[in-house]
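Report on one structure; see the data block that follows.
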Amino acid sequence: AQRVTQPEKLLSVFKGAPVELKCNYSYSGSPELFWYVQYSRQRLQLLLRHISRESIKGFTADLNKGETSFHLKKPFAQEEDSAMYYCALNNAGNMLTFGGGTRLMVKP
Amino acid sequence: ETGVTQSPTHLIKTRGQQVTLRCSSQSGHNTVSWYQQALGQGPQFIFQYYREEENGRGNFPPRFSGLQFPNYSSELNVNALELDDSALYLCASSLEDTQYFGPGTRLTVL
Numbered sequence: 003a004q005r006v007t008q009p010e011k012l013l014s015v016f017k018g019a020p021v022e023l024k025c026n027y028s029y030s031g032s033p034e035l036f037w038y039v040q041y042s043r044q045r046l047q048l049l050l051r052h053i054s055r056e057s058i059k060g061f062t063a064d065l066n067k068g069e070t071s072f073h074l075k076k077p078f079a080q081e082e083d084s085a086m087y088y089c090a091l092n093n094a095g096n097m098l099t100f101g102g103g104t105r106l107m108v109k110p
Numbered sequence: 081e082t083g084v085t086q087s088p089t090h091l092i093k094t095r096g097q098q099v100t101l102r103c104s105s106q107s108g109h110n111t112v113s114w115y116q117q118a119l120g121q122g123p124q125f126i127f128q129y130y131r132e133e134e135n136g137r138g139n140f141p142p143r144f145s146g147l148q149f150p151n152y153s154s155e156l157n158v159n160a161l162e163l164d165d166s167a168l169y170l171c172a173s174s175l176e177d178t179q180y181f182g183p184g185t186r187l188t189v190l
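Note that the protein sequences, when read in sequence, are chains E and Y.
With the working numbering applied, the first sequence corresponds to residues 3 to 110, in that order.
With the working numbering applied, the second sequence corresponds to residues 81 to 190, in that order.
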């Protein structure tokens, strides 16, 4: 069965420090993975998807099929990056399986 | 602004009652998905509707049902409410492969 695991509930870093939010998945087919973000008092929104291989707000994520991981990285954290981050797997037709989420706190 | 709206914002019900939650999708988005997000957890997929037909369902019992209408609105109905149904309910409309989430309805079951 498909599963997405985010091992850290909370990640706290100082401004300017590197950030890595971990995501591991289990899926029998070819995975399609996303990162969603929810800023305070805002709705869930798409941050990036592995297919597009883009960098959004300085974040990147590389799909590692060998390690079944899709970690989210940013070299220098900003205070405005503080938010809840969810890794999600597309089972088929946009039916998403989400991880439990990681709260990122960037301290000044 | 994605244009996906949900009503009501908050709702309190008692165990055994029935509830209907509503979602208005962006115009032209013919797919709507519903998710349940319990406190401290990620969203869990309930079901999806495409052109007014259910075309996918997660691990939820039949007392969770839905409808999608031609005007891009949809409903989530839950019968025989249980305490564990207390959660934030999210709808997401999509066109092609991008989902746009609504702000959610917070349901509390007492």
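All residues carry an ideal CB built from backbone N, CA and C; glycine is no exception.
Cβ of residue i within 7 Å of any chain Y Cβ
i	result
E:Gly102	yes
E:Leu46	yes
E:Asn66	no
E:Tyr88	yes
E:Met107	no
Closest Cα partner of residue i within the set the options
i	options	result
Y:Ala167	Y:Leu187, Y:Cys103, Y:Asn159	Y:Leu187
E:Ser28	E:Tyr87, E:Phe100, E:Gln44	E:Phe100
E:Asn93	Y:Ser87, Y:Ser113, Y:Asn151	Y:Ser113
E:Ser84	E:Gly68, E:Ile53, E:Leu49, E:Arg105	E:Arg105
Y:Lys93	Y:Gly184, Y:Val84, Y:Asp164	Y:Asp164
Y:Phe149	Y:Ala160, Y:Gln117, Y:Phe125, Y:Tyr130	Y:Tyr130
Y:Leu101	Y:Ala118, Y:Tyr152, Y:His90	Y:His90
Y:Pro95	Y:Glu162, Y:Glu133, Y:Glu132	In the sequence as presented, Pro is not what sits at residue 95 of chain Y; that position holds Arg. Measuring from the Cα of Y:Arg95, the nearest candidate turns out to be Y:Glu162.
Y:Leu147	Y:Ser105, Y:Gly184, Y:Asn139, Y:Leu190	Y:Ser105
Y:Asn151	Y:Gln97, Y:Asn110, Y:Gly83	Y:Asn110
Y:Ser153	Y:Glu132, Y:Asn159, Y:Gly138, Y:Arg143	Y:Glu132
E:Met107	E:Gly31, E:Tyr41, E:Glu34	E:Tyr41
E:Lys109	E:Ser32, E:Lys76, E:Glu81, E:Glu34	E:Glu81
Beta-carbon separation (whole angstroms), residue i vs residue j, contact threshold 8 Å
i	j	result
Y:Gln128	Y:Gly136	4 Å
E:Gln4	E:Gly102	E:Gln4 to E:Gly102, Cβ: 14 Å. No contact.
E:Leu23	E:Tyr87	5 Å
Y:Gln97	Y:Pro183	The pair is not a contact, with the Cβ atoms about 23 Å apart (cut-off 8 Å).
E:Ile58	E:Leu65	About 16 Å separates the two Cβ atoms, so there is no contact after all.
E:Leu48	Y:Thr178	6 Å
E:Cys25	E:Ser54	With 8 Å as the limit, E:Cys25 and E:Ser54 do not qualify as a contact, their Cβ atoms being about 17 Å apart.
Beta carbon proximity, residue i to chain E, threshold 7 Å
i	result
Y:Gln128	yes
Y:Phe140	no
Y:Glu81	Note that Y:Glu81 scores 47 on pLDDT, short of 50, meaning its location in the model is unreliable; the coordinates nonetheless yield the value given after this. False, the Cβ-Cβ gap to chain E never drops below 7 Å.
Y:Gly96	no
Y:Gly136	yes
Cβ-Cβ distance between residue i and residue j below 7 Å
i	j	result
Y:Ser174	Y:Asn157	no
Y:Leu170	Y:Pro123	yes
E:Val6	E:Cys89	yes
E:Phe61	E:Leu46	no
Y:Ile126	Y:Gln117	no
E:Val15	E:Ala79	yes
E:Trp37	E:Ala19	no
Beta-carbon neighbours of residue i, restricted to chain B and to distances below 8 Å
i	result
E:Thr99	The structure shown contains no chain B; the protein chains it does contain are E and Y.
Residue i: CB within 6 Å of a non-hydrogen atom of the ligand HEM
i	result
Y:Lys93	No copy of the ligand HEM occurs in the structure displayed, which carries no ligand at all.
(request) Could you name the residues of the stretch 105-124 of chain Y whose beta carbon sits closer than 9 Å to any beta carbon of chain E, in the order they occur along the chain? (result) Answer in chain order: Thr111, Ser113, Tyr115, Gln117, Gly120, Gln121, Gly122, Pro123, Gln124.
(request) Taking a Cβ distance cut-off of 9 Å, strictly less, list which residues of the stretch 14-31 of chain E are near chain Y, in chain order. (result) Correct list: empty, as no residue qualifies.
(request) Could you please tell me which residues of the stretch 174-186 of chain Y, in chain order, have their CB closer than 7 Å to any CB of chain E? (result) Listed in sequence order: Ser174, Asp177, Thr178, Gln179, Phe181, Gly182, Pro183.
(message) Along the stretch 141-171 of chain Y, where does the CB come closer than 8 Å to a CB of chain E? Name the residues.
(response) For the stretch 141-171 of chain Y, which is checked against every Cβ of chain E, the residues closer than 8 Å are Leu170.
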